[in-house]
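Take a look at the structure below.
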Amino acid sequence: MKSNNTQTTIWNKGFIYVLIANIGVSLAQFSVNTYVSSYMGYLGMSAVLTGIIAGIYFGVAFAFRPVSGPAVTMLNKKKLLIIIYGAGIFINLGYALFPTVPLFITMRLLHGVQLSFMGSLAMTVAAEFLPEDKMASGLGIYGLSYIAAQAFGPTLAATLQSFGEAQFGAGGGYRAIFIAAAIFAAISTIPCILLPYEGKALDKEAVRALGPWYKNIVAKEAVSPSTVMMLMSIANVLIHTYMIPYGAYKGISNIAIYFTISAFVTVLSRPIAGRLADRFGPAKVFYPGILLTMSSFVLISYATDVKFIILAAVLASAGNGTVLPAIQTMTMQSVPPQRRGVASNTNFLGMDLGNFVGPALSGFVISQFNFSVMYRFALIPLSLAIIVFAMGWKPYLRQREILESKQNAVHKTIHHR
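Put into C-alpha cells, the structure is as follows:
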C-alpha cells in the first residue's frame, strides 16, 4: 500500500475506494440495526432480553478484538477487507432465511465477529492513504460514510419494511430489509477487490519487531481517547437501538426523520470540524461539541412531537460530527504509523464495549422506568467523557511531541546519508 507520506491530497484512488466500500457495508449495518429491536419484539422477546441480545452483537465484537487487532496489523489488509465485507452477504441472507430466535441469535453472533474486524480494518486502511497534515479532515470525510448510512439506512429500511409488510405480512417486511442489506454488502465488496494495494502481509522480521500478538491488541497510548469513545458510544447507541420503539411509545409516527436530518447536518459540520481540529487541535472542538450532544438527549427525553426530534437531530449531529473525528484523530496520532492498526483496534474496542453496555443498561432502565428516563440516563456517560478527555489531554500532547521528535531524527538521518 502506498505510504501516507507519499500522498498530498485526500482524494486519492485508495481513499475513495475505501470510502465507497464503507458506505455500502455501513448502509447494510444501519438498515438492519435500526430494526433489530422491533424485529426481536416481533419474534416475541421481552424488553430486557431485547436489550441483552442487542448488546451481544457488540459484546461479541469486543470479545474478538484480541484476534482482529493483531490480524489487521499483521495480515494482508486487502484480502481481509474482501473476506470480512463479503461475509455480510451470507449473514444478512441468514437473517432473512431463518426467522427463529435461536437462528437469529446465531446470525447475530456471526455479525458481531464481522464487526470486530470491519471498523478498525477500514479506518486503518483509510488512514494509510491520507496525508499526515490532513488526517483530521480526511477521517472526518471518511466518517461521513457512516453518517450517510445512518441517514439513508433507517429511512430505506422503513420503506422496505412497509412494502414487504403490505405484500407479504410483518415477516415479509423484515425479510425485505435483510435481503437489501445482503445486496449492499455485495456492492461494498467490489471496491475492496479494486483497492490499489500491493498485496503483501508483514514479513517475519516486521512481525517480530511488533512484538508478541498480545501486544498488538491495545495501544496504551490510545486508551484515553478510546475511553472517551466508549462513554460516548454508551449514549449514542441508545438512539439507533431505541429511536423507532421510542416513537411508538411517544406516538410520534414520523420519528425516523431524525436520521435524515442528522445526516444532512453532519455532512455540513464534519468537514468544517475536521479542518478546525487540524488547525486548532482536538480540544478546541471537543468541549462545545459534546455539550451540543448532551443537550440533544435532553430534548429527546422530553419530546412530545416531531419538532423536538428535528432540533435534537441538529444538535446531536453537529455535536458528534465535531467530537468523533477529533477523538479518532487523537487515537491515530498517538502512535507511530506502523502501529495504527493497533490504535484503530483500541478505538473500536472502546466503541464495542460502549455499544454492548449501553443497550444492556438501557434495557434495565426501560423495564424499571421508561424510555424518557433512559435517554436522560445518557447524560451520565457523556459527563464522564468530559472528565476523561480533560485528564488525557496533556499526556496526548506529550506523546505527540515524542513521536514528532523521533520522526524528525529519522528524517535527519536519512538526509545525512
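Taking numbering that gives the first Met the number 0, I'd label the letters of the sequence shown as residues 0 to 416.
Backbone N, C-alpha and C fix where the C-beta goes; we use that ideal spot for every residue, glycine too.
The structure presented is a predicted model; accordingly, all values stated were derived computationally and were not measured.
Exercise for review: Let me know the secondary structure DSSP gives Thr303 once reduced to three states.
Suggested key: coil
Exercise for review: Kindly indicate which three-state DSSP category Ser170 falls into: helix, strand or coil?
Suggested key: Residue identity differs from the one stated: residue 170 is Gly in this sequence, not Ser. Looking at Gly170 - three-state DSSP - the assignment turns out to be helix.
Check your understanding: Roughly how many angstroms separate the alpha carbons of Ile176 and Phe279, rounded to a whole number?
Key -> Going by the C-alpha atoms only, they are around 43 Å apart.
Practice item. Verify whether the separation of the beta carbon atoms of Phe307 and Pro153 is less than 7 Å. Key: no
**Study point:** Tyr196 (DSSP reduced to helix, strand or coil)
**Key:** coil
Practice item. Leaving out five residues on either side along the sequence, give the residues of the same chain with a beta carbon under 6 Å from the beta carbon of Val305. Key: Ile251, Asn253
Check your understanding: Near Ala262, which residues of its chain fall below 8 Å by C-beta distance, leaving aside the five closest residues on each side in sequence?
Key -> By the criterion of a C-beta distance shorter than 8 Å, Ala262 is surrounded in its chain by Ile146, Ala147, Gln149, Ala150, Phe151, Ser316, once the five residues flanking it on both sides are discounted.
Check your understanding: How would you label Arg338, buried or exposed, when you count the other beta carbons within 10 angstroms and need 16 or more for buried?
Key -> buried
Review point. Ordered along the chain, which non-local residues of its own chain (more than five positions away) have a Cβ less than 8 Å from that of Ser2?
Key: Model confidence at Ser2 stands at a pLDDT of 42, short of 50, so the residue's coordinates are unreliable and nothing is read from them.
Check your understanding: Leu18 to Ala125, Cα distance in whole Å?
Key -> Straight-line spacing of the CA atoms in Leu18 and Ala125 works out to 8 Å.
Check your understanding: By Cβ distance, which residues of its chain are closer than 6 Å to Ser115, with the 5 residues on each side in sequence left out?
Key -> Ala60, Phe63, Arg64, Ser67
Review point. Under a three-way DSSP split, which group does Thr7 fall into?
Key: coil
**Study point:** Closest residue to Tyr56 among Leu108, Thr123, Val313, Met242 (Cα-Cα distance)
**Key:** Leu108
Practice item. Grab me the residues of Met231's own chain with a C-beta within less than 6 Å of its C-beta, minus the 5 sequence neighbours each way, in chain order. Key: The residues are Ala384.
Exercise for review: Kindly list the residues whose CB is nearer than 7 Å to the CB of His110, restricted to its own chain and excluding five residues on each side of it in sequence; keep chain order.
Suggested key: The residues are Tyr56, Ile90.
Exercise for review: Indicate the three-state DSSP secondary structure (helix, strand or coil) for Leu74 in the structure shown.
Suggested key: It is coil, neither helix nor strand.
Review point. Between the beta-carbon of Ile299 and the beta-carbon of Tyr374, is there less than 7 Å?
Key: yes
Review point. Alpha helix (DSSP H) containing Leu42: first to last residue?
Key: Looking at the DSSP string, Leu42 is not in any alpha helix (DSSP H), and its letter there is neither H nor E.
Review point. What do you reckon, are the CB atoms on Gly137 and Leu129 nearer than 7 Å?
Key: Yes; because the gap between Cβ atoms is below 7 Å, this pair is in contact.
Review point. For Leu193, which residues from the same chain have a beta carbon less than 7 Å from its beta carbon, with the 5 sequence-adjacent residues on both sides left out?
Key: Tyr16
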